[in-house]
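Asks: Chains as they are written, first to last, in this note's numbering: chain X, 1 to 10; chain B, 1001 to 1215. Glycine included, every Cβ here is placed at the ideal spot set by N, Cα and C. Here the structure is a predicted model, which means the values were calculated and not measured. Next up is a structure, given as structure tokens.
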Amino acid sequence: LTQSYKKDEL
Amino acid sequence: MNIFRLAGDMTHLASVLVLLLKIHTIKSCAGVSLKTQELYAIVFATRYLDIFTSFYSIYNTLMKLIFLGSSFSIVWYMRYHKTVRRTYDREQDTFRHWFLVLPCLLLALLIHEKFTFLEVLWTFSLYLEAVAILPQLVLLQRTRNIDNLTGQYVFLLGGYRGFYILNWIYRYLTEPHFVHWITWIAGLVQTLLYADFFYYYFQSWKNNKKLQLPA
């Protein structure tokens, strides 16, 4: 599974 | 987290608080575009869908709740609060904002990082946020006297994404593989749309005159 883009930004 | 992103989030938070302060204390939303507020409520609703499925930090979740809560309550105030809704100039706020939603949705279906439900909606929220300010800017040009709070609100709202651009540059330089063209281009377009507002806002501040955008 492709590492999902870390959505740590608002 | 870096100082640019923190400054961006605080500026964004300040813009929301200024608007809530204006609406809640003087019970007036004169000069504020309901269309922009509705678009922002959609932006947050489609961007923070992962609030229940992924947790990054207390800060991240708290800020998401604040932005969701404030944007929906502002829409509620402007639509249903008996005193506030009377101060909303419906005749001037005529931008067909639904014409912004569909192209952004189509674009998100065409250009995205991954073709999944959450990712497409998240990308849609980026495109929509870039243009969400248009009804507000159009309304400002029609409203002759822009009150200070509304001017400050738009100024802070425009400034926050500018800080995010600095944050993306910083992260690109410090984190390997941190490349997100979609986010960067949408953020750049969003900030550029404020360019003329920033110019007139700065002029009015420098000459200590009332802010007025040319018709």
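Compile a chain-ordered list of the residues in the segment 1054 to 1067 of chain B whose CB is closer than 9 Å to at least one CB of chain X.
Replies: Within the segment 1054 to 1067 of chain B, the qualifying residues are Ser1054, Tyr1056, Ser1057, Asn1060, Met1063, Lys1064, Phe1067.
Asks: Between which residues of its own chain and Trp1181 (chain B) is the CB-CB distance below 8 Å, once the five residues before and five after are set aside?
Replies: In the second sequence, counting from the first residue as 1, residue 1181 (chain B) sits at position 181. Taken in chain order, the list of residues that qualify is empty.
Asks: Give me the Cα-Cα distance between Tyr1056 (chain B) and Ile1066 (chain B), rounded to the nearest whole angstrom.
Replies: Numbered from 1 along the second sequence, position 56 holds the residue referred to as residue 1056 (chain B). Numbered from 1 along the second sequence, position 66 holds the residue referred to as residue 1066 (chain B). Near 16 Å, if we compare the C-alpha coordinates of Ile1066 (chain B) and Tyr1056 (chain B).
Asks: Starting from Trp1005 (chain B), find everything on chain X with Cβ-Cβ shorter than 7 Å and list it in chain order.
Replies: The count along the second sequence starts at 1 and reaches residue 1005 (chain B) at position 5. According to the sequence provided, residue 1005 (chain B) is Arg. The question's Trp does not apply to it. Those within 7 Å of Arg1005 (chain B) in chain X are Glu9.
Asks: Could you give the distance in angstroms between the alpha-carbon of Ala1041 (chain B) and the alpha-carbon of Asn1002 (chain B)?
Replies: Here residue 1041 (chain B) refers to the residue found at position 41 of the second sequence. Here residue 1002 (chain B) refers to the residue found at position 2 of the second sequence. Their backbone Cα atoms lie some 26 Å apart in a straight line.
Asks: Can you grab the Cα-Cα spacing for the pair Thr1123 (chain B) / Asp1196 (chain B), in whole Å?
Replies: Position 123 of the second sequence, counting from 1, holds the residue named residue 1123 (chain B). Position 196 of the second sequence, counting from 1, holds the residue named residue 1196 (chain B). C-alpha separation (whole angstroms): 26 Å.
Asks: Kindly give me the distance between the Cβ atoms of Arg1005 (chain B) and Glu9 (chain X), rounded to whole angstroms, as I take these residues to be in contact under 8 Å.
Replies: Position 5 of the second sequence, counted from the start, is the residue given in the question as residue 1005 (chain B). Position 9 of the first sequence, counted from the start, is the residue given in the question as residue 9 (chain X). Contact holds; Cβ gap of about 7 Å.
Asks: Could you tell me the alpha carbon to alpha carbon distance between Ala1014 (chain B) and Phe1155 (chain B), rounded to whole angstroms?
Replies: Within the second sequence, residue 1014 (chain B) is the residue found at index 14, counting from 1. Within the second sequence, residue 1155 (chain B) is the residue found at index 155, counting from 1. Roughly 10 Å between the two C-alpha positions.
Asks: Where does Gly1008 (chain B) land, buried or exposed, given buried means 16+ other C-beta within 10 angstroms?
Replies: Taking the second sequence and counting its residues from 1, the one referred to as residue 1008 (chain B) is at position 8. Flag for Gly1008 (chain B) reads buried.
Asks: Can you find at least 3 beta carbon pairs, one from the segment 1019 to 1039 of chain B and one from the segment 1114 to 1121 of chain B, that sit closer than 8 Å?
Replies: They do not touch, by the three-pair rule.
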